[in-house]
Structure formats: structure tokens, C-alpha cells
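Residue numbers (this note's numbering), protein chains in the order written: chain A, 22 to 287; chain B, 22 to 287. Every residue gets a Cβ at the ideal spot worked out from N, C-alpha and C, and that includes glycine. Notes to accompany the following structure.
2 protein chains.
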Amino acid sequence: MIDEKVKIVLLGCGNVGFHLGQALNALPQVELMQVFSRTRQKAQALAQLLDCKFATQINRVNPKADLYILAVHDSAIGLVARELAQHITGDALVVHTSGATPSDVLRKHFPHFGIFYPLQSFSIDKKPDFPSIPFCLDAHSEEAFLLLEDLAGSISTQVARIDDRQRAILHVAAVFVNNFTNYLYTVGADICAKENVPFDLLKPLINETAAKIQNKSPLSMQTGPAARGDASTLKRHSDFLKAKTDYQALYKMLTERIVELYRKNG
Amino acid sequence: MIDEKVKIVLLGCGNVGFHLGQALNALPQVELMQVFSRTRQKAQALAQLLDCKFATQINRVNPKADLYILAVHDSAIGLVARELAQHITGDALVVHTSGATPSDVLRKHFPHFGIFYPLQSFSIDKKPDFPSIPFCLDAHSEEAFLLLEDLAGSISTQVARIDDRQRAILHVAAVFVNNFTNYLYTVGADICAKENVPFDLLKPLINETAAKIQNKSPLSMQTGPAARGDASTLKRHSDFLKAKTDYQALYKMLTERIVELYRKNG
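Listed below in C-alpha cells is the structure:
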């Protein structure tokens with residue numbers, strides 16, 4: 022398998038497929054045979070970019086690949102897997118790229134299956150820094166794992182074997198540090214916008230808050246009125262937020278959590 | 022004032038004073054006369070670094086400066102201002118560097134007062150990137166404002182006139198995007214630690230989440246199960262968090278907010 026090129030079909034041409042396809046296509050050990058999307062425009066555009074074939078129906082997917090990568094929406098993985106299983110032989114390895122989806126969705130259809138999960142939030146118009154993106158891998162067999170490890174290790178400097186349980190935990194944690202954090206940015210932007218204060222002034226602080234925990238524990242980096250028990254500032258903020266009921270409740274809950282955390286750890 | 026050097030006394034040798042002192046000291050138009058801290062070790066160390074005098078008692082502060090910068094803790098600004106007012110003449114300009122403290126605390130003691138607030142979170146062991154740090158300024162007079170603007174504009178590329186009301190709003194917003202965000206990082210780290218999953222795997226995602234909103238609105242960048250109404254993932258996460266009561270309530274509140282936000286805006 023190392024001597025010959027790995028023949029890959031990539032299913033899904035969204036944010037993950039778009040960027041992962043380019044990264045895989047650049048590897049000397051890969052022959053990216055075909056991309057698939059039910060949206061013709063997306064399939065065609067990515068196929069053109071990668072100089073490969075494309076399909077818009079599962080029964081037109083090339084059945085002769087070594088590896089099928091399902092980079093479709095979480096909610097579509099089950100259906101695509103079921104259709105694909107009726108179409109390809111049992112020899113191929115089938116993986117998905119989802120952090121949220123258990124491997125069972127593949128296990129029930131394919132003898133050879135695995136996980137190929139780049140732990141990053143992708144945007145179509147922003148080139149990802151692949152060498153720094155952790156790849157969380159798993160596979161049913163050692164041989165399959167080694168293949169995935171070779172591919173991921175050629176794209177990124179960070180590769181980890183992560184089983185279903187660990188991946189589910191990472192995904193919950195990712196919701197807190199990514200989705201919920203972004204929501205807090207939205208709250209900050211909204212508070213500024215309503216009062217005609219430029220939100221841009223807070224962007225360097227947002228960057229620094231993320232940068233600071235790259236080498237230190239977030240627990241040790243906590244600052245602010247709740248962490249230092251500054252009752253008068255907490256009162257002033259709470260009064261200001263009175264008219265914004267949703268934000269006040271959120272402010273209260275997060276403040277209580279931080280106070281509690283520092284009571285335990287401080 | 023532009024022809025002669027601006028004589029400055031810096032009060033407070035904590036994180037802000039330590040870095041701001043170095044930035045000011047590097048300016049050709051500044052003569053940093055003296056630093057003050059009640060902690061002799063801190064005062065002495067910074068004075069040595071800046072090659073200037075130091076004081077550990079307010080009545081030993083040089084009364085002949087043009088500008089006194091109070092970079093002491095929020096809770097100490099009132100006391101230091103009161104003591105300083107009994108000691109210096111009314112000609113000097115007195116400013117503080119706090120985001121949370123109204124200017125009244127200076128107004129009642131000094132005819133010439135202002136705000137010199139670098140909007141960033143400083144750590145003693147991390148050199149700040151001053152050119153990118155927004156300076157939020159205010160002053161009682163145009164002349165005083167121009168002096169502060171000249172200094173801040175020589176340190177940073179971002180200078181804004183921000184009154185007390187706007188600064189208070191920025192500070193509330195900063196608590197959401199900095200302190201509360203850091204708490205969410207702590208939650209993520211704690212969830213990972215308890216389950217033996219390396220939190221390091223999430224650090225590139227944390228950086229990217231902050232980087233993404235530097236040029237786009239956070240509202241447009243929201244992803245995740247709550248934003249896309251993915252009930253089965255929300256249910257799975259909620260089940261996982263059942264044993265972690267605090268986190269489950271926080272997960273629930275933040276999820277409800279995001280769902281509500283997308284119902285309104287989506």
C-alpha cells in the first residue's frame with residue numbers, strides 16, 4: 022500500500038472537503054480519483070480545482086478506491102454510508118471526518134472503517150494552517166490506522182489516536198471553547214453596537230485571551246472582577262445589564278461559576 | 022510642552038506599570054522621572070530597568086512632574102489619588118489606566134485629569150505588542166487630551182477618545198469576551214482533564230475561533246449544534262454533562278441563547 026498510490030474518493034465538498042481535498046491532493050502518495058457532492062456546482066468546482074473526476078449520485082461513485090472519506094454533514098453521514106455500502110466492495114477503507122459522530126454509523130456497513138477528524142473550524146474563504154491542525158484518528162485495524170496515520174502525518178505535525186469516547190468528550194469541550202466562546206464575542210459585539218462603542222477596540226484583547234492559554238493553564242490566567250471578588254464592579258455591571266435580561270442572567274451564572282472556582286482553587 | 026520633554030511619574034509597578042513604563046521610557050519626548058510602588062522590591066526593580074528614581078511613599082513622590090500616571094489596582098486608585106492631591110501642585114495632569122474606574126475618582130481631587138487606558142490584558146512575563154493595543158483616552162481639556170494623544174499615538178497605532186460611559190460599556194463587554202471566555206477555556210480543560218483527553222488538541226481551535234472574528238462579525242461566524250439546531254448532538258452532550266451539574270446548566274443556558282439568537286437572526 023505504501024509502494025502504490027492510495028486511491029481516494031472524497032465525499033462532501035463543503036468547508037472540510039474543500040480544504041482537506043486540496044491538502045490530500047498535494048501529497049505524493051495520494052491519487053485523489055474523484056470528489057462527490059449532491060450539489061453539482063460544488064462537485065464540479067472542486068473537481069476542477071483538484072483536476073479529478075466528480076459524481077453527484079452515489080451510484081456514480083468510483084467503486085475502485087482504497088479509501089473513501091466522508092466529509093459530508095454530520096446529519097448526512099448515515100445516509101451516505103448506507104448508500105455507499107450497497108455500491109462499493111468490502112475491501113475499501115471508509116472513514117468520516119466528524120467530531121460528533123460515533124463510528125457505529127460506519128461499523129454497521131463496512132468491515133474496514135475509521136475516523137479521520139481534523140480538529141479545526143473550517144471556513145471556505147480562509148486557507149487553514151494544516152501543519153498545526155490536530156488530526157484525531159481511529160481505525161478498526163492496525164493496518165488501517167497506519168494508512169490514516171501516514172496521510173495525516175504528511176499533512177499535519179499533530180496526530181493522535183482518539184477513540185469514540187474520547188472524541189465525544191473533545192467535541193463537548195470544543196462546544197465550550199469554540200461555539201460558546203464565539204457566542205460571548207457576539208454578546209460583546211452586541212453590547213458595543215447598542216451603545217455606539219467600536220467593538221474593534223476589543224479585538225486585540227480577544228486575540229490575547231486565546232494566545233495566553235497556549236502555554237499556560239486557563240485556570241492560572243483567569244482575571245476580572247469575579248476572580249478578584251470585586252463586588253463594586255460586579256454590582257455596576259449587573260446594574261448596567263438590568264435592561265438586558267438575557268445577558269444579566271448569563272453574567273450572573275458565569276460570575277457565580279468563577280467565584281465558586283476560585284473559592285475551591287484560590 | 023512639545024519642545025520640552027514631558028516629565029512623568031508612574032505610580033504602580035504591577036503588570037500595566039511594568040510594561041507601560043518601558044514603552045513610555047522609550048519615547049524621545051518623555052522624561053520618566055520616577056516610579057512609585059508601596060512594594061519596595063517592585064519599585065526598585067522597575068526603577069533600575071528604566072534607569073530612574075523610585076519612591077515607596079506618596080510623600081516622597083517628585084512633585085515637579087507634568088504628568089502623573091496612576092497604574093495601581095482599581096481598588097487603590099481612590100486612595101492614591103487622595104494622598105497625591107495633598108502632595109503635588111494643581112498644575113500637573115493626573116490620569117489613571119483603568120477600564121473599570123470612573124474619572125470622578127480623579128475629578129474630585131485634581132483640576133487637570135484624564136484617562137490613559139491601554140485596552141489589553143497584561144502579564145508580567147509576556148512582552149505586549151504595543152502598536153496593536155488600543156489606547157482609550159479622555160481628558161478634561163483639549164490641551165490635556167492632545168498631550169495624551171501624542172504619547173499614546175507614539176506607542177500604538179490605535180488611539181480613541183472614549184468617555185466614561187463608553188469606557189464602562191467596553192469594560193462590561195471585555196468581561197464577556199475576555200474573563201468569561203477564559204472561564205469557558207477552563208471548563209474545556211477541566212472536561213478533558215477528567216477524562217484523560219489532551220486539552221492541547223483544542224488549542225489551535227481556540228486560536229482560530231479568536232482569529233475568525235478579527236475581520237468578520239461573530240454573529241456570522243457562529244457554528245455548532247445549537248446554531249444548526251442539531252437536537253441529537255445537543256441531547257448527547259446534555260446526557261454526558263448530567264453528572265457535571267454546573268456545566269450542564271451553563272451548557273443549557275448558552276445553548277438556549279444561541280437557539281434564540283438564530284431564531285431571531287437566522
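Below 8 Å on the Cβ atoms is my contact criterion, and I expect residue i with residue j to pass it. Report the Cβ-Cβ distance as a whole number of Å.
i               : j               : result
A210 of chain B : S153 of chain A : At roughly 19 Å, the Cβ-Cβ gap does not stay under 8 Å, so A210 of chain B and S153 of chain A are not in contact.
F151 of chain A : A44 of chain A  : 5 Å
L32 of chain B  : V93 of chain B  : 6 Å
P3 of chain B   : L91 of chain A  : Residue 3 of chain B lies beyond the stretch modelled for chain B, which goes from 22 to 287, so this question has no answer here.
Y206 of chain A : V198 of chain B : 6 Å
Q235 of chain B : K74 of chain A  : Between K74 of chain A and Q235 of chain B the Cβ distance is about 38 Å, and since that is not below 8 Å, they are no contact.
I279 of chain B : Q243 of chain B : 7 Å
L168 of chain B : L114 of chain B : 7 Å
D184 of chain B : P123 of chain B : No, D184 of chain B and P123 of chain B are not in contact; Cβ-Cβ is about 10 Å, not under 8 Å.
If you follow the beta strand (DSSP E) that residue i is part of, which residue opens it and which one closes it?
i               : result
R182 of chain A : 180-182
I136 of chain A : 134-139
V51 of chain B  : 51-57
F75 of chain A  : 74-76
Given residue i, which residues of its chain have a CB within under 7 Å of its CB, disregarding the five upstream and five downstream residues?
i               : result
G174 of chain A : V180
V30 of chain B  : M54, Q55, F57, V82, N83, A86, Y89
R103 of chain A : H130
T276 of chain B : A247, L255
H108 of chain A : I79, N80, V82, P84
E170 of chain B : L158, V180
I98 of chain A  : L91, H117, S119, T122, V126
F39 of chain B  : L67, I145
With DSSP collapsed to three states, give me the class of residue i.
i               : result
S238 of chain A : coil
H108 of chain A : coil
A214 of chain B : helix
K291 of chain B : What the structure shows of chain B is the stretch from 22 to 287, and residue 291 of chain B is not part of that stretch, so it cannot be assessed.
V116 of chain A : strand
S124 of chain A : coil
S153 of chain A : helix
S96 of chain B  : helix
I90 of chain A  : strand
S144 of chain A : strand
Could you spell out where the alpha helix (DSSP H) holding residue i opens and where it closes?
i               : result
K273 of chain B : 266-286
D251 of chain A : No alpha helix (DSSP H) holds D251 of chain A; DSSP gives it neither H nor E.
F39 of chain A  : 36-46
F197 of chain A : Run containing F197 of chain A: none; DSSP gives neither H nor E here.
K63 of chain B  : 61-71
T230 of chain A : 224-233
F166 of chain B : 163-176
If I measure Cβ to Cβ from residue i and keep anything under 6 Å in the same chain, skipping five residues before and after, which residues do I get?
i               : result
L140 of chain B : P155, C157
V37 of chain B  : A92, T118, F143
R284 of chain B : none
For residue i, which residues from the same chain have a beta carbon less than 8 Å from its beta carbon, with the 5 sequence-adjacent residues on both sides left out?
i               : result
T60 of chain B  : C34, T77
L48 of chain B  : L172, S175, I176
E52 of chain B  : K26, V27, K28, I29
R128 of chain B : F134, H161
H258 of chain A : P246, Y272
R188 of chain B : G120, I136, Y138, C157, D159
A64 of chain B  : C34, V56, F57, S58, F75, A76, T77
L240 of chain A : L282, N286
Check whether the segment 63-70 of chain B and the segment 184-197 of chain B touch, using three or more Cβ-Cβ pairs below 8 Å as the test. no
Cβ contact check for the segment 141-153 of chain B and the segment 105-121 of chain B: 3 or more pairs under 8 Å: no
Mind the definition here: the segment 254-269 of chain B touches the segment 257-273 of chain A only if three or more C-beta pairs lie below 8 Å; say whether that holds. no
At least 3 beta-carbon pairs within less than 8 Å: the segment 200-208 of chain B vs the segment 226-237 of chain A: yes
Counting pairs of Cβ atoms below 8 Å between the segment 121-135 of chain A and the segment 150-169 of chain A, do you hit three or more? yes
Using a Cβ-Cβ cut-off of less than 8 Å, list which residues of the segment 249-265 of chain A approach chain E; keep chain order. In summary, chain E is missing from the structure at hand, where the protein chains are A and B.
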